[in-house]
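Protein chains in written order, with my numbering: chain A, 13 to 270; chain B, 8 to 241.
In this text, a Cβ means the ideal position worked out from N, Cα and C, and glycines have one as well.
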Amino acid sequence: MAPEISNVSMFFLIFFVLIPVSLSYIYALGLSKSIIWSSFRGIVQLFLIGYVLTYLFSLPPLIGISLMLAVMIAVASFHASKKGEELPYARPIIFLVIVGIALLILAMWLGFDMIDFQPDQVIPMSGMVIGNSMVAIGLALERMKSEFKESKGKIVAALALGAKPQQASTILIRKIVKAAMIPNVDGLKTIGLVQLPGMMTGLILGGVAPIEAIRYQIVISLSIFTSVSIAAMIVTIIFYRFFFNRNMQLINMEIEES
Amino acid sequence: MKNMETLIQMENIGTSVLRNISLDVKKGEIITLIGSSGSGKSSLLMLFNRLNDPDEGTITYRGKSLQNYQITYLRKSMGMVFQTSSLFDGTVRDNLAYGPKIFQEWEEQMGEELLKNVQLPISYLDRNVEELSGGEQQRVALARTLANRPEILLLDEVTSALDLRNIELIEEFLVSLVPTSVRAILMVTHDVNQARRLGDRTFFMEEGEVIEKGETQTLFDNPQTEQLQYFLKE
Chain A
13 MAPEISNVSM FFLIFFVLIP VSLSYIYALG LSKSIIWSSF RGIVQLFLIG
63 YVLTYLFSLP PLIGISLMLA VMIAVASFHA SKKGEELPYA RPIIFLVIVG
113 IALLILAMWL GFDMIDFQPD QVIPMSGMVI GNSMVAIGLA LERMKSEFKE
163 SKGKIVAALA LGAKPQQAST ILIRKIVKAA MIPNVDGLKT IGLVQLPGMM
213 TGLILGGVAP IEAIRYQIVI SLSIFTSVSI AAMIVTIIFY RFFFNRNMQL
263 INMEIEES
Chain B
8 MKNMETLIQM ENIGTSVLRN ISLDVKKGEI ITLIGSSGSG KSSLLMLFNR
58 LNDPDEGTIT YRGKSLQNYQ ITYLRKSMGM VFQTSSLFDG TVRDNLAYGP
108 KIFQEWEEQM GEELLKNVQL PISYLDRNVE ELSGGEQQRV ALARTLANRP
158 EILLLDEVTS ALDLRNIELI EEFLVSLVPT SVRAILMVTH DVNQARRLGD
208 RTFFMEEGEV IEKGETQTLF DNPQTEQLQY FLKE
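Pasting the structure below:
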């Protein structure tokens, strides 16, 4: 039986907010307003999503899942593509990449009978995959711009030696993909040792036995790892081309801008 | 000089920074491009191997427009070395093999030969490039470009960050290359004395234009424009 937090208990969360606000006030950090605003916003968003999910879970699975995934993917691709606004077609390409990854992972979950095609299973798990892919894509795009700027000399030297853009970018591509994957690799190394992962915590709090909860956690952790790797790799492989023109020359514009 | 074969012909070249530039490069020549910083020397050099393209004018190499050469092979033929060595992460061998491996021409013994040419010990082959001094790195960069067996050598201020000993070494080596190993050298330098030592002909540039050109000795002994006179005095 899942434990329930009463409204009175929820009200006392105000103390959790008051502590950082007081610290900000005492040390003149100027963060009070933003702490209060983001806490308020977070609470409202979560309550709203709670009601939305309740409604979606009551719909036929195909409709509920499709609706929520569409929203998640749209928001994720919008945010991730902000990091690459100066790159052509960033938004549609990133949208398609996230759609592809979400569908692939979903197909694997269903195909290997890991979860059921039910909104209460597919939506939260897909959300984690989509959210992490969004972060990885953002990291990859940011790193790509900085690498192309910092390593301009080496790329031009490689081109001057007869390398094609793909060859000249190889070293950078490796670095970029690695940078986007590192948070997840590090996370996997200490998983469960430093902090219990969110999904597992939720399941345990919901009354699921730990040994059962870890199964879901393993599925989601490895799914996130896979999706993040694919996201970073594909985005890097697609977008490095936009730093060159068709005469195999480095385009300065994008590099100077970042 | 008169009967030498013309290798490169540049006519009425214009880009966002260069204006109406015409010049020719003949077989066996070392051409020096001089001028103050920002005069367009490096921009001009990058047109020869199509790291950039002009907006106006034509460039031909051995009678054929640069546009008609496959870019990667053109860049192999027009080897370029930059002011900063821009070596790739890894060993000296990795760097020397970079170009030849692209064209499937790398043979292990090439490494030793290339290092010998730039007077570096063979034991350096497996050294990480980060362990080398600035002068050594620049010599590796030169050897890396020569590994592609270029016909023309484009040098952009390659000795500007080096000490006298290294400058001397590189200059001696460059002179020995023409015309047997490479057909011609185009060299950007801000050092008038270097241009005097090496250049058969010199082009003086100012604000994206070639202001004066001619045989180096004549040009320096008898500068016609105020700009060159001032530049030589500086």
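Please compile the residues from chain A whose C-beta is within a distance smaller than 9 Å of the C-beta of residue i.
i, result
"N27 of chain B", "Under the 9 Å cutoff, chain A gives no residues; its nearest Cβ is about 22 Å from N27 of chain B."
"R82 of chain B", "L171, A172, L173, G174, A175 and M260"
"N155 of chain B", "L173 and G174"
Distance check for residue j and residue i, CA to CA, integer angstroms please.
i, j, result
"E178 of chain B", "A168 of chain B", "14 Å"
"I37 of chain B", "K95 of chain A", "47 Å"
"Q261 of chain A", "I218 of chain B", "28 Å"
"R100 of chain B", "G86 of chain B", "18 Å"
"A92 of chain A", "A152 of chain A", "10 Å"
"M265 of chain A", "A86 of chain A", "Low confidence applies here, because M265 of chain A scores a pLDDT of 40, under 50, leaving its location unreliable; read the following figure in that light. Whole-angstrom Cα-Cα distance: 28 Å."
"I295 of chain B", "P186 of chain B", "Nothing can be reported for residue 295 of chain B, as the shown portion of chain B is limited to 8 through 241."
"R253 of chain A", "F95 of chain B", "20 Å"
"Q57 of chain A", "R57 of chain B", "54 Å"
"N200 of chain B", "L153 of chain B", "25 Å"
"Q130 of chain A", "A244 of chain A", "29 Å"
"I142 of chain A", "L71 of chain A", "22 Å"
"V24 of chain B", "E114 of chain B", "41 Å"
"F256 of chain A", "I263 of chain A", "5 Å"
"Q234 of chain B", "K108 of chain B", "45 Å"
"K190 of chain A", "A170 of chain A", "21 Å"
"T65 of chain B", "S43 of chain B", "25 Å"
"R146 of chain B", "Y105 of chain B", "15 Å"
"E209 of chain A", "E159 of chain A", "First, the amino acid is wrong: residue 209 of chain A is Pro here, not Glu. Their backbone Cα atoms lie some 32 Å apart in a straight line."
"G221 of chain B", "G142 of chain B", "31 Å"
"I48 of chain A", "E214 of chain B", "57 Å"
By the criterion of Cβ-Cβ separation under 8 Å, what are the contact partners of residue i in chain A?
i, result
"F95 of chain B", "K166, A169, A170 and I183"
"Y105 of chain B", "A170, L173 and A175"
"T152 of chain B", "A172 and L173"
Excluding the 5 residues flanking residue i on each side, which residues of the same chain have their C-beta closer than 7 Å to its C-beta?
i, result
"I226 of chain A", "M212"
"I105 of chain A", "I250"
"V189 of chain B", "P157, E158, I159 and L160"
"A114 of chain A", "L81, I85, S138, V141 and I142"
"S239 of chain A", "I113, I117, V141, N144 and S145"
"R69 of chain B", "L14"
"I246 of chain A", "V109"
Keeping to the same chain, check which residues put their C-beta closer than 8 Å to that of residue i; ignore five residues upstream and five downstream.
i, result
"R203 of chain B", "T223, Q224 and F227"
"D133 of chain B", "T98, V99 and R100"
"T91 of chain B", "A168"
"N124 of chain B", "A150, L153 and F180"
Note the first and the last residue of the continuous alpha helix (DSSP H) segment covering residue i.
i, result
"F238 of chain B", "E233 to K240"
"Q201 of chain B", "V199 to L205"
"S23 of chain B", "Neither: S23 of chain B is in no alpha helix (DSSP H) and is coded neither H nor E."
"K157 of chain A", "P131 to E162"
"M117 of chain B", "Q116 to N124"
"I226 of chain A", "P222 to F251"
"A175 of chain A", "A175 of chain A -> no alpha helix (DSSP H), and no H or E assigned at all."
"L65 of chain A", "S44 to S70"
"A154 of chain B", "Element bounds for A154 of chain B: n/a, residue is neither H nor E."
"I203 of chain A", "First-last for I203 of chain A: undefined, no H or E at that position."
Mind listing the chain B neighbours of residue i? Cutoff is C-beta to C-beta under 7 Å, in chain order.
i, result
"R176 of chain A", "Just to set this straight, residue 176 of chain A is Lys in the shown sequence, not Arg. Per Cβ cutoff of 7 Å: T79."
"N259 of chain A", "R57, D60 and I78"
"Q57 of chain A", "Ordered by position in chain B, no residue passes the 7 Å Cβ test against Q57 of chain A, which lies about 45 Å from the chain."
To which residues of the same chain is residue i closer than 6 Å at the C-beta, ignoring the five residues directly before and after it?
i, result
"K83 of chain B", "N155"
"G199 of chain A", "none"
"A192 of chain A", "A148, L151, A152 and A244"
"R103 of chain A", "S93"
"D163 of chain B", "S49, L52, F89, Q90 and V195"
"I242 of chain A", "I113"
Just grab the DSSP bridge partners of residue i for me.
i, result
"A191 of chain B", "B:I159"
"E72 of chain B", "Correcting the residue identity first, residue 72 of chain B is Ser in this sequence and not Glu. Looking at the DSSP assignment, S72 of chain B forms a beta bridge with B:T67."
"N135 of chain B", "B:T98"
"T13 of chain B", "B:K33"
"F5 of chain A", "Because chain A spans 13 through 270 in this model, residue 5 of chain A falls outside it and cannot be assessed."
"T39 of chain B", "B:M194 and B:T209"
"F256 of chain A", "A:L262"
"E18 of chain B", "B:T65"
Could you tell me which chain B residues have their CB closer than 9 Å to the CB of residue i, listed as they occur along the chain?
i, result
"R68 of chain A", "One point to set straight first is that residue 68 of chain A is Leu, not Arg, in the sequence displayed. None at all; the shortest Cβ gap to chain B is about 50 Å."
"Q130 of chain A", "Neighbours of Q130 of chain A on chain B: none; closest Cβ ~49 Å, over 9 Å."
Beta strand (DSSP E) containing residue i: first to last residue?
i, result
"F210 of chain B", "R208 to E213"
"G45 of chain B", "Careful: G45 of chain B lies outside any beta strand (DSSP E) and carries neither H nor E."
"I218 of chain B", "E216 to E222"
"V88 of chain B", "M85 to V88"
Under 7 Å between beta-carbons, which chain A residues line up against residue i? List them in chain order, please.
i, result
"F89 of chain B", "G165 and A169"
"F110 of chain B", "G174"
Output, in chain order, the set of chain B residues within a Cβ distance shorter than 8 Å of residue i.
i, result
"Q179 of chain A", "I109"
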